[in-house]
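Numbering (full-length UniProt numbering), first residue to last: 1 to 177. The C-beta atom is built at its ideal place from N, Cα and C for all residues, glycine as well. Note that the structure is a prediction, hence the values are computed from the model and not measured.
This is the structure we're talking about:
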């Protein structure tokens with residue numbers, strides 16, 4: 001962790017240790033969809049919420065005992081990963097069906113392009129304490145939204161880090177399909 005790391009209150013009584021440049025800015029940009037290529041980890045509250053808006057047997061899969069939104073082959077080459085696949089909910093127009101049609105997205109989607117970890121990599125020792133947040137290493141190369149606006153990430157952490165993360169036994173987000 002860099003020496004610039006500092007604790008920031010994100011939600012009342014919930015702090016995150018921030019390990020990125022406080023001047024970092026981010027805004028989603030049209031046509032990017034990089035975050036949609038990874039397979040979305042579904043924490044239990046997300047899984048239950050998704051059941052209200054989608055057929056879980058069509059939209060989800062399990063991998064190593066965890067629930068994920070299924071990835072599928074997409075026709076548009078500009079909206080897919082190297083393997084030609086992207087999130088089940090990514091529409092042909094490059095928009096997320098969950099966000100656009102239901103004004104909701106899983107916690108894991110909110111976190112992008114950030115990454116949540118726990119101290120010393122031991123989620124079992126966390127005991128509901130601080131989480132650590134940094135920028136995903138790959139984001140600097142692939143995320144078109146970094147540095148394109150004046151919206152400082154550190155000033156809007158509540159939009160990136162849903163309060164549910166502090167209630168999870170293991171809030172680490174770098175788990176992919």
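Please look up how many angstroms separate the CB atoms of residue i and residue j, rounded, as I've assumed it's under 8 Å.
| i | j | result |
| --- | --- | --- |
| residue 20 | residue 149 | Not really, about 16 Å apart at Cβ, beyond 8 Å. |
| residue 59 | residue 50 | 7 Å |
Going by alpha carbons, who is nearest to residue i out of the options?
| i | options | result |
| --- | --- | --- |
| residue 96 | 37, 26 and 151 | 37 |
| residue 113 | 57, 99, 11 and 29 | 29 |
| residue 131 | 143, 163, 146 and 152 | 163 |
| residue 63 | 32, 51, 50 and 42 | 42 |
| residue 139 | 35, 72 and 31 | 35 |
| residue 152 | 26, 6, 66 and 8 | 26 |
In three-state terms, what does DSSP make of residue i?
| i | result |
| --- | --- |
| residue 164 | helix |
| residue 86 | strand |
| residue 96 | strand |
| residue 175 | coil |
| residue 101 | helix |
| residue 154 | helix |
| residue 108 | helix |
For residue i and residue j, I'd like the C-alpha separation in whole angstroms.
| i | j | result |
| --- | --- | --- |
| residue 141 | residue 94 | 20 Å |
| residue 166 | residue 74 | 34 Å |
| residue 53 | residue 102 | 8 Å |
| residue 178 | residue 156 | Coverage of the chain is limited to positions 1 through 177, which leaves residue 178 absent and any answer about it impossible. |
| residue 178 | residue 45 | Not covered by the structure: residue 178. The range shown for the chain is 1 to 177. |
| residue 176 | residue 106 | 14 Å |
Which runs of the beta strand (DSSP E), 3 residues or longer, sit entirely within the segment 41-82?
60-63, 66-69 and 71-73
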